[in-house]
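Numbering (full-length UniProt numbering), first residue to last: 1 to 452. Backbone N, C-alpha and C fix where the C-beta goes; we use that ideal spot for every residue, glycine too. Working notes, structure below.
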């Protein structure tokens, strides 16, 4: 719009064409968001875009941390719980990094006043290449802590993929989409859509090629909230100041990386219904026990830093384990037995031999295993993770009193998030609710990451 108005000398000299273009852009992005269904992520992007375009209307800088902070406040007022979600964290983290590195991204370093024609041409080319690479690199670095925390995966070759696909998007796909819409009423859009399809096909081919690289996707063990807070603090200190104060980001970033390199790893994961578990074998890797869902098992594997798919693990019994119609048994690396009971007839034998008994049934009072995780315990506390040690087991629950929050209070009192059992005495099951609880009454699903 601004370029079209600049072709008319009167408009370029008299009208505020930059503000006019910003106004039309605001109408366009609002219409797009309305037609796309007002998705939460699109709405958040709309808020940021409207604030930055609105800054142009009042003669203020569009790309500034103040505008980003204002957009964040509006988004949080609209959806306060979004602060804890990956979408909010990654969106605003990426934009903060891009604003902080705007001079490098926009190619200003390669533009010199009074440069000749050839020098300007070379500078324009370098600015385009550097801008594409810098945009991708800065966005990846800024979002890496949040992506790794929530999804436990990183794509080290994303820089190459984006550098190859962004020109197709900017030069072919998006212009073709606009031209196709304008040509549609006149039935002249077919060749435009064909060209757009060729560009999209090229993007998919590049994506498949990059995905075929060795270690194209790295799975990292899940780290705790403390490491994420330190890494986020490092990101803020690196982007908010405009002076040498940015060096203050180094200590929290290094400390956060150190904590992330020492993740909590558990030896036994139990789903919220007690029908399946994952046991660490003697080879140090998790193996399926019982019938855990593929989705939950995949989250456990990712959180453990294991890149195997759930299909590769489901169906194989843990090392030193076996299954029958009554249940399954397996052994931890230290030799202690784990029993998953499916039928009441197995309680007598498994309660006498196993260190941990897992069942979706209500365990009988005569079950004297050191640790019993039955229907009542699962209904009260949700999924469970255990770490074996010499004193017994360190137990962590998905839902308990210590992890409740004001907007989602825990319905049942429970133990602290980490409960250490010192030489468990016989007949000491996990605290649970009365027998009235049922498997269907279990609050909440198994966590998408292992009980941080």
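- With 16 or more neighbouring CB atoms inside 10 Å of its own CB, residue 148 falls in the buried class.
- Partner residues in the beta bridge of residue 372, as assigned by DSSP, are 357.
- Cα atoms of residue 292 and residue 221: separation of roughly 20 angstroms, rounded to the nearest angstrom.
- Segment contact: the segment 216-235 against the segment 260-267, three or more CB-CB distances shorter than 8 angstroms; contact assigned.
- Residue 234 and residue 182 have their C-alpha atoms some 46 angstroms from each other.
- Straight-line spacing of the CA atoms in residue 91 and residue 129 works out to 23 angstroms.
- For residue 49, the closest alpha carbon among the candidates 30, 265, 155 and 36 is that of 30.
- In chain order, 294, 297 and 298 place their CB closer than 6 angstroms to the CB of residue 310, counting only its own chain and leaving out the 5 sequence neighbours on each side.
- Within the same chain, 267, 332, 334 and 336 come within 7 angstroms of residue 388 by CB-CB distance, once the 5 residues on both sides are set aside.
- Less than 9 angstroms separates the beta-carbon of residue 104 from that of residue 134.
- Looking at the backbone, the Cα of residue 154 and that of residue 364 are separated by about 46 angstroms.
- Check the Cα spacing between residue 243 and each of 290, 207 and 100: the tightest is with 100.
- DSSP, reduced to helix, strand and coil, places residue 4 within a helical segment of the structure shown.
- Secondary structure at residue 350: helix, using DSSP grouped into helix, strand and coil.
- If you keep only unbroken alpha helix (DSSP H) runs of at least 4 residues inside the segment 28-86, you get 40-57 and 65-78.
- Non-local beta-carbon contacts of residue 88 in its own chain, meaning distances under 6 angstroms to residues more than five positions away in sequence, involve 82 in chain order.
- The alpha-carbon separation between residue 191 and residue 198 amounts to approximately 11 angstroms.
- Residue 13 has its alpha-carbon roughly 21 angstroms from the corresponding atom of residue 53.
- Taken through DSSP and simplified to helix, strand or coil, residue 391 comes out as coil.
- Annotation for residue 161: 206, 207 and 210 place their beta carbon closer than 7 angstroms to its own, counting only its chain and skipping 5 residues before and after.
- In the DSSP annotation of this structure, the continuous segment of the beta strand (DSSP E) that includes residue 331 starts and ends at 327-331.
- Note that the segment 120-127 does not touch the segment 139-148; fewer than 3 beta-carbon pairs, one per stretch, sit closer than 8 angstroms.
- Boundaries cannot be given for residue 188, as no beta strand (DSSP E) includes it and DSSP labels it neither H nor E.
- With respect to residue 75, residue 44 sits close: the two C-beta atoms are nearer than 9 angstroms.
- The alpha-carbon of residue 46 is positioned some 20 angstroms away from that of residue 170.
- According to the DSSP secondary-structure assignment, residue 324 is paired through a beta bridge with 327.
- In this structure, the straight-line span from the alpha carbon of residue 308 to that of residue 218 is close to 11 angstroms.
- By the Cβ test, the segment 342-350 is not in contact with the segment 370-383, since fewer than three Cβ pairs between them sit closer than 8 angstroms.
- A direct Cα-to-Cα measurement between residue 286 and residue 278 gives close to 6 angstroms.
- Judged by DSSP in its simplified three-state form, residue 338 adopts strand.
- For residue 286, there is no enclosing alpha helix (DSSP H); the residue is found in the beta strand (DSSP E) stretching over 286-290.
- By the Cβ neighbour-count rule, residue 370 is buried, with 16 or more other Cβ atoms within 10 Å of its own.
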